[in-house]
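Residue 179 in the numbering used here is what sits at position 171 of the sequence shown, and the numbering runs on without skipping anything. What follows is a single structure, written as structure tokens, with notes after it.
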Amino acid sequence: MTHSHTPAPDEAMDDSGLPADPNTTGRLPGSSEPVVLPSATGETPSTPKPSAATPRPPYPKRSSKPKEPPSFLTGMMLGLLAGLLLSAIAAVVLFLEFREDVRTSQIRATEAEQRVTDLRDEVDTLRTDLSLLEARAEQVEALAPRLDALEQREAAMGTQVAAMGATVDSMGTEVQAMGETVGTMERSLGTLQARTQAFDAFLLGLRDLSLRANPLPESAVPADPTSPTLTIAPSSIRQGEAALITGAALDPSTRYDIALINELGEATLLGQVQSSSRGQLRFQLREQESTDITPALYTIALYPENDAEPVANGELRVTGR
């Protein structure tokens, strides 16, 4: 077969119709004269230069002959390369996604292992708590008989409390009755005390009459200072001593008045108490009452200042003037 060579549109043609050697010859635009190009050895052949007066021909137009389409083999190779490129890109993307999935799976596996460890610890703790609860349950079971005994005691105590309540009610009734009895006894004692005072006043009156009829000499006065007597000398009739027969204790911060009790139980202010010790009483007589005292045995009473109720009773013996 004979293959015809068709020059490319951009190849330069010489006058003989053959393609010119690109390393040696060429044509200037607008000129049909060949131009010698420098060779590879650097030698430049002498080429006549066009004169300045010669006009340049117009630039030849390139051939509009279309290029031949690529062959089937080239297209198949390009398609194969594109497929391989897409496959490589897809493989890389899948590999990256797979690696990310593996990393995520590893993180989840680590978290799962930590959760399993925590659950094991919780299970151990629950087992310990369960053991403690079982021990306590055994203790409660051991205490069950005691609890039953305590319940029985509580029931018995409830019965006893009810019985004691009934007893208290009956005792309250008895106490109320005793209160009424005590009130009756107090009224009886008050009546008896009034009668006793009246009788004492009567005896004192008789004694006073006896002493007035038969006065005692001064030598007959006992020397015992604790005896319930008072001696008033003619030169000093404003001071004296007397003994308390009741043994009452006097408050040092309280002022007391001393009074004479007559046969009718009436009190006459005699003076004011100055001091007391060992049951003895020292008092100051009132001046206006001192001249009215005659030798006799008197009953005296002590009154807190500005109070109408006596706190103690005693005797006063007056001898001489």
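Beta carbons are placed, not taken as given, at the ideal position from N, Cα and C, and that holds for glycine.
Ranking R116, S261 and I269 by CA distance to the CA of A209 puts I269 first. In the assembly as shown, I308 is a buried residue. Its beta-carbon has 16 or more other beta-carbons within 10 Å. Look at P312 here: in three-state DSSP terms it is strand.
A straight line joining the alpha-carbon of E130 with that of R123 spans about 10 Å. In this structure, I266 keeps its C-beta atom at 7 Å or more from the C-beta atom of L211. R116 has its alpha-carbon roughly 55 Å from the corresponding atom of S79.
For R263 and Q280, the gap between their C-alpha atoms comes out near 8 Å.
Taking all protein chains in view, the Cβ of L278 is crowded by 16 or more other Cβ atoms within 10 Å, so the residue is classified as buried.
The C-alpha of D177 lies about 11 Å from the C-alpha of Q184.
Collapsing the DSSP output to three states places E317 in coil.
DSSP, reduced to helix, strand and coil, places E274 outside both helices and strands of the structure shown, so it counts as coil.
For F106 and A90, the gap between their C-alpha atoms comes out near 24 Å. In the structure shown, S261 falls within a coil segment according to DSSP collapsed to helix, strand and coil.
When DSSP states are grouped into helix, strand and coil, S178 belongs to the helix group. S79 sits in coil when the DSSP states are folded into three classes, being neither helix nor strand. In this structure, the CA atom of A143 is about 36 Å from the CA atom of E119. When the Cα atoms are used, R111 and L104 turn out to be separated by approximately 10 Å.
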